[in-house]
Structure formats: C-alpha cells, structure tokens
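Residue numbers (my numbering): -9 to 398.
Even for Gly, the Cβ is constructed at its ideal location relative to N, Cα and C.
Predicted model only: the values in this text are computed from it and were never measured.
Notes follow once the structure below has been shown.
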Ligand code: CTP
C-alpha cells in the first residue's frame, strides 16, 4: 500500500460507524482511500449496516477486527465499548440514517454503535443518507439541528438520484467529498505541527482510606489553557489530568488519573514526547499504607497518619528516563523569594525552564489556585522574564509561542 504521508490523515485513527443504509457500500471505498493516506480505521458495523455489506469485507479492507454486537462478552474483554469509542481521533457515522440521528439526538444507547457514540470523548462527524422525504421531515431536521447544536460535525448529503428511485437531497456524500471533509478536519497548521506535547494538570488525590483523600485547591485551569494553546499551534497534546470540573478540550487526548503514582505511569505511557510541561499540583505525600476499611473514630484518640513521599514526575521526565523530551518545563508555586526558590527548583529537578507562579497574588480576593489570572516569571538557565499579571489563557498563549520559538 502506498502511504501518502503528506495527508493530514497520516497517523490519525478513525472509528467508522457504518449505519444501515444502501449507501453503506461506499464505506468500503472510504476505508481503502483513508488507509492509503496513512489513517487507521476501526469499524463498528451496525446490524442494519450488515444487511448491506459483510463484516468480512469491512475487516479485510480495514485490516482490523470488526465490532458489531454490544453484548459479545469476548469483545468486551478484548476491547470494551468505552475504550473502542475513545481510542480514535475522530468518530464518523456513515451512512447516518434517520433512525441513527434520532437516537443520537435523544441520547439513546441501545446497541454498540449508539453506546459508543454516547461514551466517546472524541469529536463526532455524521454523513447523513436517506430518502429525501425522510431527510426533509420535520423530525429529521429537528434531530439534525440538535446534533449540530451538540457540536457534531456534518458532511452534508448530496442531491441527486436516490436508490429508492426518487430524486432530491439525501444521497450520501461522494467518497472523495468524505475524504476531503476528514482531511479538512485534521488539517491544522501551525508552528508546532508534528510535535507531541505532554501536559500534566490539576491536583492529585491520595487515598487516606476508602472514603477520604488528601488533595489541594488546584483547578487545572492553567494546565488546560496551556494544552489548548499548544493544540491551537498544531501540537498533538496528551493532557494527563487529575480530578477537575473542566470539560475535555476538543482535539486533545485527556487521560484521567487520581494519584501521583497514576500520573507518573500515565506520563511514562505517553512518552515519547518532544516537550513535557508539568503544571499539575502533585500531592507531595501519600499514605504509607491505605487501609481496606474506613478509619473509625476512637474515643478521643487521633489516628496517626503515616505518610510517605510521592514520586517526583517532573524530575523523572527531566532526569530519570532515557526518553527525555527535548524540552522539559516545570511550574513552581511560591509565596516568597520567588525567583531564588524557582531557580533552585530548576537546578534540583533538572528541567530546562521553570514557570514561577506567585501564588500569593490575589485575583480580586481569589487565590491564583482556582482563579482566572496568573502572574509568572519564566526562568531558564540563562535568563529571567517577568510577565505581567494576565488571564490564564493569555499566559498559556505566551508560553506556547515561546515553545514554538524554541523549535524554530
Ligand atoms: N511536581 C511533580 N511531581 C511531584 C511534585 C511536583 O511533577 N511529586 C512538579 C510540579 O508539577 C511542578 C514542579 O514539580 O511543575 C514544582 O512543584 P512545586 O509544588 O512548586 O514544588 P515541590 O517539588 O512540591 O517543592 P515544594 O513544595 O517544596 O516547593
């Protein structure tokens, strides 16, 4: 197979959900064409889809196992539907039938395809296809508009002869148009295209017992803003995030973790990376032993919590791995002697840059932790830049531009 690696589809993963329409046959050509461009394709063939094309031809063309039944236990063991829905960069439903669109708009999850669509945290695109009366029906149009409002991307149906003998809108877009829509979706340009950047964000949670934990006030806002700013410059971002209330940013792979040790293993898994930015407020300590049962109160005597130190993720990425990213950046939360303390941290942890965070700054009475503004100094081995107080999004954009300049 000739790989056209210049296509924006190269290296991307598609989850293709093939709906039950006569146009399902076009998906076979679609699979072939996107694979030629370096994309990997996994398919869910709905029961309706399997009336029109066979699982064998789909798996032969995609080179992957085809998934079709939610309740196949073997599939669930090998590849749960949640994982299936998330191990993709984009989910495409083609042909998206009136029935499928109605289920998606209503949030119904009654088979593997609709369940994966509800469970996915990735962008979803639909290519509708149906008879023109069905397409123009108020219910279908209402569902379609709802899906657009829900952030679902669309590949408009074409007008022309329909399989049912009628003429009008409702024909599945041509394969070339679907390939172009996919290429446009992935065609991000920017100075960080081709770079993989790992960002840690948010707090970590360290269990005290099955119901209690140690944590901190980090909201994750600064780390998420940095992840978005890097994505906007074209980078592929892996965001390794502790528990936060923030939405997963579009186009970014978010990996949820709880504890510092989970964060470290997620970072190891995400390597290799060109840049690592540790924004997370990692808990310094965890319980030496976490009891299986809840710690009970005992007549006035206080429990002695024996702590042990957590691994230092920044230091691991900067010093302890043979897959060290080219640029390793740490944050330093300080309340006094900010630059001196941050410089000492830079040397101790072996990173290249430190963004020193003045956490004593008040943001209209709010702390930097959880607030929307930040005042930082960027410290490298040879220079110190003081940046004025700015919204976290602006600090993020400035840092992302600095990183882009580093690679030019
Ligand atoms: N960090 C980390 N893993 C840890 C502790 C900290 O990756 N176990 C990272 C943070 O993400 C940040 C940097 O190290 O990028 C500095 O974190 P900070 O809390 O300021 O420093 P500490 O190392 O915890 O030192 P101290 O609390 O004594 O200031």
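Top-ranked residue by Cα proximity to residue i, from the options
{"i": "residue 380", "options": "164, 398, 358", "result": "358"}
{"i": "residue 315", "options": "261, 184, 270, 276", "result": "261"}
{"i": "residue 43", "options": "236, 14, 188", "result": "14"}
{"i": "residue 394", "options": "250, 317, 334", "result": "317"}
{"i": "residue 307", "options": "264, 330, 278, 332", "result": "264"}
{"i": "residue 360", "options": "94, 55, 382, 161", "result": "382"}
{"i": "residue 73", "options": "102, 50, 1", "result": "102"}
{"i": "residue 10", "options": "216, 36, 150", "result": "36"}
{"i": "residue 29", "options": "165, 16, 3", "result": "3"}
{"i": "residue 254", "options": "243, 238, 232", "result": "232"}
{"i": "residue 197", "options": "273, 26, -3", "result": "273"}
{"i": "residue 208", "options": "200, 75, 169, 234", "result": "234"}
{"i": "residue 280", "options": "203, 287, 335, 239", "result": "203"}
{"i": "residue 150", "options": "47, 323, 162", "result": "162"}
{"i": "residue 277", "options": "288, 258, 298, 287", "result": "298"}
{"i": "residue 312", "options": "362, 275, 286, 258", "result": "258"}
{"i": "residue 76", "options": "325, 256, 243", "result": "243"}
{"i": "residue 240", "options": "222, 167, 256, 338", "result": "222"}
{"i": "residue 296", "options": "275, 246, 362, 334", "result": "275"}
{"i": "residue 218", "options": "170, 34, 398, 388", "result": "388"}
{"i": "residue 396", "options": "54, 328, 319", "result": "319"}
{"i": "residue 38", "options": "59, 182, 32, 337", "result": "59"}
{"i": "residue 251", "options": "377, 282, 300", "result": "300"}
{"i": "residue 305", "options": "337, 326, 325, 324", "result": "337"}
Residue i CB to nearest heavy atom of ligand 1 below 6 Å
{"i": "residue 322", "result": "yes"}
{"i": "residue 248", "result": "no"}
{"i": "residue 34", "result": "no"}
{"i": "residue 304", "result": "yes"}
{"i": "residue 95", "result": "no"}
{"i": "residue 265", "result": "no"}
{"i": "residue 300", "result": "yes"}
{"i": "residue 345", "result": "no"}
{"i": "residue 257", "result": "no"}
{"i": "residue 366", "result": "no"}
{"i": "residue 260", "result": "no"}
{"i": "residue 308", "result": "no"}
{"i": "residue 362", "result": "no"}
{"i": "residue 385", "result": "no"}
{"i": "residue 272", "result": "yes"}
{"i": "residue 268", "result": "yes"}
Cβ of residue i within 7 Å of any chain B Cβ
{"i": "residue 329", "result": "Although the question refers to chain B, the structure presented lacks it and comprises just one protein chain."}
Beta-carbon spacing of residue i, residue j below 7 Å
{"i": "residue 390", "j": "residue 229", "result": "no"}
{"i": "residue 116", "j": "residue 98", "result": "no"}
{"i": "residue 83", "j": "residue 21", "result": "no"}
{"i": "residue 194", "j": "residue 249", "result": "yes"}
{"i": "residue -1", "j": "residue 176", "result": "yes"}
{"i": "residue 349", "j": "residue 366", "result": "no"}
{"i": "residue 5", "j": "residue 95", "result": "no"}
{"i": "residue 105", "j": "residue 81", "result": "no"}
{"i": "residue 155", "j": "residue 122", "result": "no"}
{"i": "residue 332", "j": "residue 369", "result": "yes"}
{"i": "residue 227", "j": "residue 284", "result": "no"}
{"i": "residue 373", "j": "residue 346", "result": "no"}
{"i": "residue 18", "j": "residue 52", "result": "no"}
{"i": "residue 185", "j": "residue 153", "result": "no"}
{"i": "residue 210", "j": "residue 236", "result": "yes"}
{"i": "residue 25", "j": "residue -3", "result": "no"}
{"i": "residue 247", "j": "residue 256", "result": "yes"}
{"i": "residue 135", "j": "residue 92", "result": "no"}
{"i": "residue 23", "j": "residue 169", "result": "yes"}
Proximity test, residue i beta-carbon vs ligand 3 heavy atom, cut-off 6 Å
{"i": "residue 51", "result": "No copy of ligand 3 occurs in the structure displayed; its ligands are ligand 1 alone."}
Counting pairs of Cβ atoms below 8 Å between the region 81 to 96 and the region 120 to 132, do you hit three or more? yes
Segment contact flag, the region 279 to 295 with the region 334 to 350, C-beta cutoff 8 Å, min 3 pairs: no
Are three or more beta carbon pairs between the region 104 to 122 and the region 141 to 157 nearer than 8 Å? yes
At a cut of 8 Å, does the region 180 to 199 reach the region 268 to 285 through at least three beta carbon pairs? yes
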